[in-house]
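Participant: Let me begin by handing over the structure; questions about it come next.
Chains as they are written, first to last, in the numbering used here: chain Z, 1351 to 1855; chain Y, 4 to 479.
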């Protein structure tokens, strides 16, 4: 094994530099720009596959560690590494980028080089977020990411894009700055920004609670949890298809990643003390937002609300563990809950991405996202309808698709905590099926609603390729999720052992 | 006595050169002042060279304890000279375009630099005042330089009256301090304060007046009223100057007076600075939102930045002062770039000073729109730009001193501040341009402005060296 190649750095900087190159190539050479972007994204993906192949899933230790002094005066390091939590998310990021680039192929007509560059740079920064082991490096990537996303929604978005993008930026910025204060406080106590050191730092319960709340503000906005979710429907509706895909598939996961990397291990006792608060918010997201989704007329908005509802499962899975340990004295159920939540994140990345791409396909043809403008699409676009059927089913958690696995595990572990929590969580299976399939029915089935629908052309080979890739992934992980669990298991077990031991100081 | 003069060589050199240029300029042709500009810029280069060559490795006093030569001073002077060099560059472009070129502009600029250098190195109450007045008087004249403009005249008048008031306050405070301690140099003043068991009434009054004087000069709320009018009314090149190097000098003045002179009263002035700082961040950021003139908007943004600067000093630790020093250097760099952009967009007889002038800049000139984007996000404090590290450094020190709530307030106001910076990005990137006139600026101007913008990006990735430098300036 050649361990000398700085694979992690390459995963961050190849897309960033590639993005700059694309920007330099400019709009005049449209084809060069497209193929260049595609090559960069594929190379990045292949490198992440290389990462997966060399990954040792038997240990919870950080792997591929790179460490160099960044700011010596304050002990800040360029410190990268991946473990079983980060690796699946990195794979998700690099995979999704390819799809986003392909999806933009004929659709984006103005400033294409800037569009492609923004997404490539974004990919590098997102990889950085998942790899950073230094809290300041993490924050650096975490915030830097806002700039390209701000531009993506603002330049290529819909009619109300300025409102949406400013709201997106300010909401996330507001949440994050409190995390910064918390990190600086931790530094003032420990003299280190190393995330592992911070996880080991003993802190008194009152302080832990404040730190937990500061982290909560950052991550709950990002993931997003009820009641700080209101930026998401706006951002999703106005963003171009690619932006929606990245937002749903990856950016939301950063909130979840933050909870599992920062909130839980750094403030475990506060997490245990505040677990009911988190569970209640998660259940509200699952049930209430499920109903909200049911009432939507706009397809993108519906999927956005469905994302919030699904993310409720993720937070539920993360925080249900404390109750399980109290009830059963065994950590198995709790580990299952966290693994289920992680699986839910990965699978939701594929499914929501796929659904947004499907809406994008329709929007490119009809320039409308209103459910009422459609009807009988299956008559004119049968192949597309089949794909969308699969993704709709996956979104409602049908067994055999990846959407089922995560939800099932979280519900199963919730039973060990409390029947009623599991009952409420399981409502999502009904609600999810209701809003997704009802939307599908209104858009796809019935008579052809109007002339525009009658003139629709079925998906072309490029679109078929994108959707097939996603369909394969959704089905494979639906019947055979073992590879993902294998990567995560050692890390999550270790994580949970860390969390349940108090570290009050 | 003469051996001491070695510490004052850069100042003496600058004075001599400025006087020579003043004479040479009168012989030059009235239509072409490029020779004067080149000479002025070369003299600044000479001074920078001298400052680096004579870099002190210990603290030395000269001229009867009225002048101090230390590392902090040398670093700050170097930055003042470098920034003024760039300011002269932008200014010349602007003055040529608007037919305002006068040799006096650059000579006054050099005298202002001399004033700043004296302020930075002053070690007695009177030297500080001397430096401050030299700087202020030069600036008043520069603001009024465009004498046909009513706005400039009004701005100069306001600046002069309020500036004089501030000087009066400062002098009044100084007289009290002198009266009670009998010491005119900061070392003796500090020693006198150290002997006192509690802060007497007169000492407290002296301190209050000195702080008010400093706050006036920095433009902190509630002594900020002159800032927006002066920024808006002055020719852009002068606004550019006022908002960059003099802030560094004002920072140095605050450090000399409060830390070198009155470190014993830290508990008294800390609270005052915190109030000034929170008020400045609040008023600056909130009022900036409703501005339509970009110079005025940047004026309020300056007030907010000054709030951050004061926060670092208020933390009362040496690394906190270093944080403020880092902040003021970064701020000057950003401010220069932003006003440079206004100059770039302007043309003959037209000031591009409304927000709408930036509409659709991304289509007109993608590169400079990107530069402005960097400047705006840097001011808002978003990584990977250096403005983030500036805020980070200050907040870190505030947290380290245990003022968590103050840090929370500071970050909250910087989020509010982000809004108006974003609005400018929105205008450039999301809106269609009203006009498609190509940018007229010269190659040199474009080059310097690009370097200025990229510096923020590069420093954002490698802020370590500058941070170390600031820390070493305060390592005792």
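Beta carbons: idealized from backbone N, C-alpha and C, even for Gly.
As the structure is a computational prediction, the values presented were derived from the model and not from experiment.
1) I want to verify the contact list: residues of chain Z whose CB lies under 7 Å from the CB of residue 466 of chain Y, in sequence order.
2) So which residues on chain Z does residue 425 of chain Y lean against when the C-beta distance must stay under 7 Å?
3) Does the pairing of the region 454-467 of chain Y with the region 377-393 of chain Y give three or more beta-carbon distances under 8 Å?
4) Touch check for the region 37-50 of chain Y and the region 287-299 of chain Y: three-plus C-beta pairs under 8 Å?
5) From the DSSP secondary-structure annotation, give me the bridge partner or partners of residue 1417 of chain Z.
6) Helix, strand or coil for residue 1724 of chain Z, going by three-state DSSP, please let me know.
7) Are any of the Cβ atoms in chain C nearer than 8 Å to that of residue 398 of chain Y?
8) Could you tell me which chain Z residues have their CB closer than 9 Å to the CB of residue 445 of chain Y, listed as they occur along the chain?
9) Here's a check: name, in chain order, each residue in its chain whose Cβ is nearer than 7 Å to the Cβ of residue 385 of chain Y, leaving out the five neighbours to either side.
10) Quick check: what's the CA-CA separation for residue 1739 of chain Z versus residue 1396 of chain Z?
11) Would you tell me roughly how many angstroms separate the C-alpha atoms of residue 1352 of chain Z and residue 1436 of chain Z, rounded to the nearest one?
12) Establish whether the CB of residue 1468 of chain Z and some CB of chain Y are separated by less than 8 Å.
13) Determine the contact status of residue 321 of chain Y and residue 477 of chain Y, defining contact as a CB-CB distance below 8 Å.
14) Quick one: grab the DSSP three-state call for residue 1351 of chain Z.
15) Per DSSP, residue 1521 of chain Z is paired with what?
16) Of all the options Y:382, Y:421 and Y:371, which has the alpha carbon lying nearest to the alpha carbon of residue 484 of chain Y?
17) Whose Cβ in chain Z lies nearer than 8 Å to the Cβ of residue 432 of chain Y?
18) Do you know offhand how far residue 1441 of chain Z's Cα is from residue 352 of chain Y's?
19) Examine chain Z for any beta-carbon lying closer than 8 Å to the beta-carbon of residue 389 of chain Y, and answer yes or no.
20) Would you verify that the beta carbon of residue 331 of chain Y is, or is not, closer than 8 Å to some beta carbon of chain Z?
21) Just to confirm my understanding: we take residue 28 of chain Y, look at its own chain, exclude 5 residues before and 5 after, and list those with CB closer than 6 Å. What are they?
22) Going by beta carbon distance, what residues of the same chain come within less than 6 Å of residue 1488 of chain Z, once the five residues before and after it are set aside?
23) Kindly list the residues whose CB is nearer than 7 Å to the CB of residue 1721 of chain Z, restricted to its own chain and excluding five residues on each side of it in sequence; keep chain order.
24) With a 10 Å radius around its C-beta and 16 neighbouring C-beta atoms as the bar for buried, classify residue 1460 of chain Z as buried or exposed.
25) Identify the contact partners of residue 471 of chain Y in chain Z, using a Cβ-Cβ distance below 8 Å as the criterion.
26) Report the rounded CA-to-CA distance for residue 313 of chain Y versus residue 207 of chain Y, giving the unit in angstroms.
27) Give the DSSP-derived three-state secondary structure of residue 70 of chain Y in the structure shown.
28) What does residue 1530 of chain Z reach in chain Y if we use C-beta pairs closer than 8 Å?
29) Listing by chain order, which chain Z residues have their CB less than 9 Å from the CB of residue 1 of chain Y?
30) Give me the subset of the region 1696-1717 of chain Z whose CB atoms are less than 9 Å from a CB atom of chain Y, sorted by chain position.
31) Name the DSSP beta bridge partners of residue 127 of chain Y, please?
32) Suppose only complete runs of 3+ residues qualify. What are the beta strand (DSSP E) ranges in the region 262-334 of chain Y, listed by chain order?
33) In angstroms, rounded to a whole number, what distance separates the CA positions of residue 1797 of chain Z and residue 1724 of chain Z?
34) Determine whether the beta carbon atoms of residue 316 of chain Y and residue 251 of chain Y lie at a separation below 8 Å.
35) Which residues in the same chain have their Cβ closer than 6 Å to the Cβ of residue 263 of chain Y, if we skip the five residues on either side of it in sequence?
Facilitator: The short version:
1) In the second chain, counting from the first residue as 1, residue 466 of chain Y sits at position 463. Result: 1421.
2) In the second chain, residue 425 of chain Y corresponds to position 422, counting from 1. The answer, in chain order, is 1516 and 1519.
3) yes
4) no
5) Counted from its first residue, the first chain places residue 1417 of chain Z at position 67. Answer is Z:1429.
6) For the purposes of this step, residue 1724 of chain Z is taken as the residue at position 374 of the first chain. Looking at residue 1724 of chain Z - three-state DSSP - the assignment turns out to be coil, as it is neither helix nor strand.
7) Included in the structure are the protein chains Z and Y, with no chain C among them.
8) In the second chain, residue 445 of chain Y corresponds to position 442, counting from 1. The contacting residues do not exist; residue 445 of chain Y stays about 24 Å from chain Z at best.
9) Stepping through the second chain from its first residue, residue 385 of chain Y is reached at position 382. 391, listed in sequence order.
10) Here residue 1739 of chain Z is taken as the residue at index 389 of the first chain, counted from 1. Here residue 1396 of chain Z is taken as the residue at index 46 of the first chain, counted from 1. Computed Cα separation, rounded: 30 Å.
11) On the first chain, residue 1352 of chain Z is found 2 positions in, with the first residue counted as 1. On the first chain, residue 1436 of chain Z is found 86 positions in, with the first residue counted as 1. Note that residue 1352 of chain Z scores a pLDDT of 46, beneath 50, so its modelled location is shaky; the value from the coordinates is reported in the next line. Using only the alpha carbons, I get a separation of about 21 Å.
12) Start at 1 with the first residue of the first chain, and residue 1468 of chain Z comes out as number 118. Cβ-Cβ to chain Y under 8 Å: no for residue 1468 of chain Z.
13) The residue you call residue 321 of chain Y lines up with position 318 of the second chain. The residue you call residue 477 of chain Y lines up with position 474 of the second chain. It is a contact, given that the beta carbons lie within the stated cut-off.
14) Position 1 of the first chain, counted from the start, is the residue given in the question as residue 1351 of chain Z. Caution applies to residue 1351 of chain Z, whose pLDDT of 42 falls short of 50 and renders its modelled position unreliable; the value that the coordinates give is listed next. Here residue 1351 of chain Z sits in coil by DSSP.
15) Locating residue 1521 of chain Z in the first chain gives position 171, counting from the first residue. DSSP lists no partner for residue 1521 of chain Z.
16) The shown model of chain Y, from 4 to 479, leaves out residue 484 of chain Y, and the question about it has no answer.
17) The residue you call residue 432 of chain Y lines up with position 429 of the second chain. The contacting residues are 1501, 1504 and 1505.
18) Your numbering for residue 1441 of chain Z matches position 91 in the first chain. Your numbering for residue 352 of chain Y matches position 349 in the second chain. Their Cα atoms are separated by approximately 56 Å.
19) On the second chain, position 386 is the one that residue 389 of chain Y refers to. Cβ-Cβ to chain Z under 8 Å: no for residue 389 of chain Y.
20) Against the second chain, residue 331 of chain Y aligns to sequence position 328. With 8 Å as the cut-off, residue 331 of chain Y does not count as an interface residue toward chain Z.
21) By 1-based counting over the second chain, the position of residue 28 of chain Y is 25. The answer, listed in chain order, is 39 and 106.
22) One-based indexing of the first chain puts residue 1488 of chain Z at position 138. For residue 1488 of chain Z, where only same-chain residues beyond five positions count, the Cβ hits under 6 Å are 1482.
23) Position 371 of the first chain, counted from the start, is the residue given in the question as residue 1721 of chain Z. Once the five neighbours on either side are set aside, the close Cβ partners of residue 1721 of chain Z are 1647, 1649, 1789, 1792 and 1793.
24) Numbered from 1 along the first chain, position 110 holds the residue referred to as residue 1460 of chain Z. Counting Cβ neighbours within 10 Å, residue 1460 of chain Z comes out exposed, since fewer than 16 surround it.
25) What you label residue 471 of chain Y is simply residue 468 of the second chain in a count that begins at 1. Simply 1422 and 1423.
26) On the second chain, position 310 is the one that residue 313 of chain Y refers to. On the second chain, position 204 is the one that residue 207 of chain Y refers to. So the alpha carbons of these two residues sit roughly 19 Å apart.
27) By one-based count along the second chain, residue 70 of chain Y stands at place 67. In the structure shown, residue 70 of chain Y sits in a strand (DSSP, three-state: E or B).
28) Residue mapping note: residue 1530 of chain Z aligns to position 180 of the first chain, counting from 1. 395, 398 and 414, listed in chain order.
29) No answer is possible for residue 1 of chain Y: the residues shown for chain Y start at 4 and end at 479.
30) none
31) Here residue 127 of chain Y refers to the residue found at position 124 of the second chain. Paired residues: Y:188.
32) none
33) In the first chain, the residue the question calls residue 1797 of chain Z occupies position 447. In the first chain, the residue the question calls residue 1724 of chain Z occupies position 374. When rounded, the distance between both Cα atoms is 10 Å.
34) The count along the second chain starts at 1 and reaches residue 316 of chain Y at position 313. The count along the second chain starts at 1 and reaches residue 251 of chain Y at position 248. No, Cβ-Cβ distance for residue 316 of chain Y and residue 251 of chain Y is not below 8 Å.
35) Counting from 1 along the second chain, the entry for residue 263 of chain Y is found at position 260. For residue 263 of chain Y, where only same-chain residues beyond five positions count, the Cβ hits under 6 Å are 189.
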